[in-house]
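**Student:** Before anything else, here's the structure in question.
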Amino acid sequence: MLERFQTMFTQQQGDERKFQGITLKGNLQGFTDLTHPQLKQHMEAAINIGVRELKARFGGLLKDESTETPLDSFRVLNADTWPEDQASLLTFGNDDVKQLVRHFKESLERSGCNMAAIEDEWQGLKILVSHNFKDKTYSGLWETMLTKDPYKDDYKNILELVQMMLVLPISAAQCERGFSAQNRIRNSTRISLGVSTTEDLIRISLEGPSIEEFDPTPAVESWLNSKHPRRPTYKSTWTTDILCV
């Protein structure tokens, strides 16, 4: 690519050189050689900037000694890894829970979580599970804790961390499907779609039933009986016929 620009420059006449209508300044002397010291300096600077920004954005999710690792800390919430010895169980995961509280502090505060109670609830939760729920599966255990009384109230603060863990995406496949659905739904011919309508259509596309399973009758009846017709100036004369079909 650099050689292409160099060739183009040598073919152009005059002091001003343009590319696609844009005036270019300077020259590429030496930059077509990948071993040139000045080019290597610029390449290293660009790479360092990229690495620095990636660490700043995703450092908390990477195994880096200088950053926290919440994904690793969430492993202590897997009861299958808890020690059988009661003395070891009392200290198990305490540091990891503290780290999770620090990392998700803002989110926990917004949800009204009492963070001062999390450590005590963590100790009580470990004892409760080790004595009464060791036979539960991973999903079955947290389903019970999150939905059954009195557990969902007695341990509501530590369960905030559990809920965060359960919604962590394990891949970006769902996001990619969402982007594809958005591009398909809000295309150049439907650019006037509002945000709310677009979100509804994307959710229906991703999570709704298949065409074979979908019953359109309730939606059609709701639309026909709506007080706000899609076209206010259009007087329908066929709604009754449609309902009778």
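Taking the working numbering, the leading residue of the sequence shown gets 595, the next gets one more, and so forth.
Even for Gly, the Cβ is constructed at its ideal location relative to N, Cα and C.
Taking C-alpha atoms, which residue in Leu722, Phe668, Ala681 and Ile643 lies nearest to His697?
**Tutor:** Among Leu722, Phe668, Ala681 and Ile643, the Cα nearest to that of His697 is on Phe668.
**Student:** If you run the structure through DSSP and keep just helix, strand and coil, what is Thr617?
**Tutor:** Thr617 falls in the strand class under three-state DSSP.
**Student:** Residue ranges of each alpha helix (DSSP H) run of no fewer than 4 residues wholly in the segment 698 to 726, ordered along the chain?
**Tutor:** Taking only runs of at least 4 residues, the alpha helix (DSSP H) segments lying wholly in the segment 698 to 726 are 699 to 704 and 712 to 726.
**Student:** From the DSSP output, in three-state form, read off Ala767 for me.
**Tutor:** Ala767 falls in the helix class under three-state DSSP.
**Student:** Which residue from Val723, Arg646 and Glu793 puts its Cα closest to that of Gly772?
**Tutor:** Of Val723, Arg646 and Glu793, the residue nearest in Cα terms is Glu793.
**Student:** If you check the beta carbons only, do Glu754 and Leu702 fall under 7 Å apart?
**Tutor:** Yes, these two residues count as a Cβ contact at 7 Å.
**Student:** Compute the Euclidean distance between the alpha carbons of Val789 and Glu715, then round it to the nearest angstrom.
**Tutor:** When rounded, the distance between both Cα atoms is 41 Å.
**Student:** Can you tell me whether DSSP reads Leu787 as helix, strand or coil?
**Tutor:** Reduced to three states, the DSSP call for Leu787 is coil.
**Student:** I'd like the span of the alpha helix (DSSP H) that includes Glu737, first residue to last.
**Tutor:** From DSSP, the alpha helix (DSSP H) with Glu737 extends over Tyr732 to Thr741.
**Student:** Can you give me the C-alpha to C-alpha distance between Gly734 and Asn642, rounded to a whole angstrom?
**Tutor:** So the alpha carbons of these two residues sit roughly 46 Å apart.
**Student:** Taking buried to mean at least 16 other C-beta atoms within 10 Å of its own C-beta, is Cys707 buried or exposed?
**Tutor:** Per the 10 Å Cβ criterion, buried.
**Student:** How long is the line joining the alpha carbons of Asn726 and Glu678, rounded to whole angstroms?
**Tutor:** One C-alpha to the other measures close to 13 Å.
**Student:** Report the three-state DSSP secondary structure of Asp690 (helix, strand or coil).
**Tutor:** Three-state DSSP puts Asp690 in a helix.
**Student:** Tell me where the alpha helix (DSSP H) around Thr685 begins and ends.
**Tutor:** It spans Gln680 to Thr685 - the alpha helix (DSSP H) in which Thr685 sits, taken as one unbroken run.
**Student:** At what residues does the alpha helix (DSSP H) containing Ile805 begin and finish?
**Tutor:** Premise fails: Ile805 is in no alpha helix (DSSP H) and is neither H nor E.
**Student:** Looking at the unbroken alpha helix (DSSP H) that takes in Thr675, where does it start and where does it end?
**Tutor:** Element bounds for Thr675: n/a, residue is neither H nor E.
**Student:** Since Tyr745 is in the alpha helix (DSSP H), which residue starts that stretch and which ends it?
**Tutor:** Residues Tyr745 to Asp748.
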